[in-house]
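So the number in this note's numbering is just where the residue sits in the sequence shown, counting from 1, plus 1247.
Note that the Cβ used here is the ideal one computed from N, Cα and C, for glycine as well.
Data first, discussion second: the structure below is written as structure tokens.
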Amino acid sequence: MLFSNTAAFAEQMDREDPLAPFRKKFLVPQHNGVQSVYLLGNSLGLQPASVKDYIGKILDDWAAHGVESFFDAKEPWMDYHDQLTGPLATIVGAHKDEIAVMNQLSVNLHLMLVSFYRPDKKRFRIICEAKAFPSDQYVFETHVRSLGLDPAQTIVEVTPAEGEDIIRTSDILDTIKKYGDETALVLFSGINYYTGQVFDMAAISKAAKAAGCRVGFDLAHAAGNIELKLHEWEVDFACWCNYKYLNSGPGAIGAVFIHRHNHDDSLQRFAGWWGYDKPTRFRMEKGFRPMAGAEGWQLSTPALLLYATCRASLEIFEEAGWENIQAKRKKLTAYTWFLLDELARDNGRDTMRFITPAAPEAHGSQVSVLMARRGRETYEALMKQQVMVDWREPNVIRFAPVPLYNSYSDVYRLVSALRNLTQ
Ligand SMILES: Cc1ncc(COP(=O)(O)O)c(C=O)c1O
1248 MLFSNTAAFA
1258 EQMDREDPLA
1268 PFRKKFLVPQ
1278 HNGVQSVYLL
1288 GNSLGLQPAS
1298 VKDYIGKILD
1308 DWAAHGVESF
1318 FDAKEPWMDY
1328 HDQLTGPLAT
1338 IVGAHKDEIA
1348 VMNQLSVNLH
1358 LMLVSFYRPD
1368 KKRFRIICEA
1378 KAFPSDQYVF
1388 ETHVRSLGLD
1398 PAQTIVEVTP
1408 AEGEDIIRTS
1418 DILDTIKKYG
1428 DETALVLFSG
1438 INYYTGQVFD
1448 MAAISKAAKA
1458 AGCRVGFDLA
1468 HAAGNIELKL
1478 HEWEVDFACW
1488 CNYKYLNSGP
1498 GAIGAVFIHR
1508 HNHDDSLQRF
1518 AGWWGYDKPT
1528 RFRMEKGFRP
1538 MAGAEGWQLS
1548 TPALLLYATC
1558 RASLEIFEEA
1568 GWENIQAKRK
1578 KLTAYTWFLL
1588 DELARDNGRD
1598 TMRFITPAAP
1608 EAHGSQVSVL
1618 MARRGRETYE
1628 ALMKQQVMVD
1638 WREPNVIRFA
1648 PVPLYNSYSD
1658 VYRLVSALRN
1668 LTQ
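Next comes the structure, spelled out in structure tokens:
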């Protein structure tokens, strides 16, 4: 597609955008009555305007029926999560019974390690990316230590080659080949939070399986952002938060994917009563018998108020259609990269380095820019102009135009502001 670097062109793209009306379904931050350019979907997605209604319905049921809402509400709480697992399955490329909506991401990572990281004398290593999100690093470190192992001897981190920002797929595959016999689990993010690099999950999963390892992904930055085919790729498990691209609010309920090929009772797990066989759960009997499917990993009473925010958002995804969202995401990011490339060419490519890979299949919505100078000032000036982006030490500005509520004009405004501030 041919793009042009003018405001009129961006406005024309907005007029032709079939998803443009969806912006109204979100509460875009405003300043003096003017909407900000909100490019922080990689951090906290915007609030769907319908969230209050969805929460209100739960509160109304609670008021009207008390605990009987589990069975007597118009939409009984007992089955409320069924409204979430289907849309999430579409988004991550899974079957509905492979999804459970529960807890939060770091908690779920620990729970998944209980089931899928079972080190023995021969296979004990975890292969992961260097500089994974800190919470993941702390999860790996403390989990490994809790099993009596030394993190330094156990965790193998794949790093970028000397002088490079992103990790080459060939280096990941070579590491799996090298340590495969000693590795219990290969665990990467789907998209690295800092660089925005999309990992080749199909290739990693295939290589891990061929080496006899389990494989999992942290999809915090991938779920709701890029196309995923978790079932087809034979990924053992994945976890993600729903507050970034899935707009379910701060501290939103998290979710897990557990492949059907793991749906048997042979895996160890940390259990709670909400994972117990549903038809007989309330007999309250001794001896844990899991529900079939990923929901057998649930522990606690469902967090209905959090389910409600997630549902408000997922209904917008359903209405817009996942394929349409992907089509716009690709167009919007292609346009973003077109404008950024012009800017880098005009400014001198060494002044701002786009550490996110430019190849369309190697990035999602996020772009991370390493500023050679005046990075912090540039970030602060953008924020002052109501162009909302984020800052990561020591010198990176990240932004993520997302298809459901960002426009082509938002992107034009961002890159024009960057141009004014950096020339
Ligand atoms: C890649 C990644 N993993 C883990 C986390 C931690 O998630 P939570 O705070 O929901 O446990 C985040 C949070 O932003 C993240 O980006």
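Listed in chain order, the non-local C-beta contacts of I1451 below 7 angstroms within the same chain comprise I1419, V1433, F1435, V1462, local neighbours out to five positions each way being set aside.
Going by beta carbons, I1373 and T1422 fall outside the 7 angstroms limit.
Taking the C-beta atoms as reference points, L1561 is found no nearer than 7 angstroms to I1305. DSSP places E1562 inside the alpha helix (DSSP H), whose first and last residues are 1551-1567. Per the coordinates, the alpha-carbon of G1543 lies some 39 angstroms from the alpha-carbon of P1268. Classified as exposed, P1276 has fewer than 16 neighbouring CB atoms from the shown chains inside 10 Å of its CB. Distances from the alpha-carbon of G1611 to those of A1470, M1635, A1555, A1296 put A1470 closest. In terms of CA proximity to E1481, M1448 leads the group M1448, V1649, Q1330. Within the stretch 1563-1622, the complete alpha helix (DSSP H) segments at least 4 residues long are 1569-1594, listed from N- to C-terminus. Taking 6 angstroms as the cut-off, the C-beta of Y1385 does not count as close to any heavy atom of ligand 1.
A distance below 7 angstroms separates the beta carbons of P1295 and N1494. When the Cα atoms are used, L1266 and D1657 turn out to be separated by approximately 14 angstroms. By a beta-carbon distance limit of 8 angstroms, L1475 contacts G1437. Their separation comes to about 7 angstroms. For I1305, the uninterrupted alpha helix (DSSP H) segment begins and ends at 1298-1312. Linking V1405 to H1390 through their CA atoms gives a straight-line distance of about 19 angstroms.
For D1465, the uninterrupted beta strand (DSSP E) run begins and ends at 1461-1465, by DSSP. Under the three-state reduction of DSSP, F1535 is assigned to coil, being neither helix nor strand. A Cβ-Cβ separation of about 4 angstroms places Y1652 in contact with F1273 under the 8 angstroms criterion. Pairing C1460 with R1592, the inter-Cα distance amounts to about 44 angstroms. In the structure shown, W1480 falls within a coil segment according to DSSP collapsed to helix, strand and coil.
Bridge pairing for F1273: P1295 [DSSP]. Contact annotation, C1486 with L1356: C-beta distance approximately 6 angstroms; criterion of less than 8 angstroms satisfied.
A direct Cα-to-Cα measurement between I1644 and E1258 gives close to 25 angstroms.
As DSSP reads the structure, R1372 sits in a beta bridge with T1430.
Contact fails between the stretch 1362-1370 and the stretch 1573-1587, because fewer than three Cβ pairs, one in each stretch, are under 8 angstroms apart. Beta-bridge pairing by DSSP links I1346 to F1504.
By the CB criterion at 7 angstroms, S1316 and D1329 fall outside the cutoff.
Per DSSP, D1329 is one residue of the alpha helix (DSSP H) stretching across 1329-1339. A residue is called buried when at least 16 other Cβ atoms come within 10 angstroms of its Cβ; N1279 does not meet this threshold and is exposed.
In this structure, A1499 is the residue among M1531, M1599, A1499 with its C-alpha nearest to the C-alpha of Q1351. For the pair I1473 and T1337, the Cα-to-Cα distance works out to about 12 angstroms.
The DSSP-derived three-state label of F1446 is coil. Between the alpha carbons of A1255 and A1399 lies a distance of about 55 angstroms. With 16 or more other Cβ atoms inside 10 Å of its own Cβ, V1662 counts as buried.
Closer than 6 angstroms to some heavy atom of ligand 1: that does not describe the Cβ of C1557.
Counting along the chain, D1637 sits inside no alpha helix (DSSP H); it lies in the beta strand (DSSP E) bounded by residues 1637-1639.
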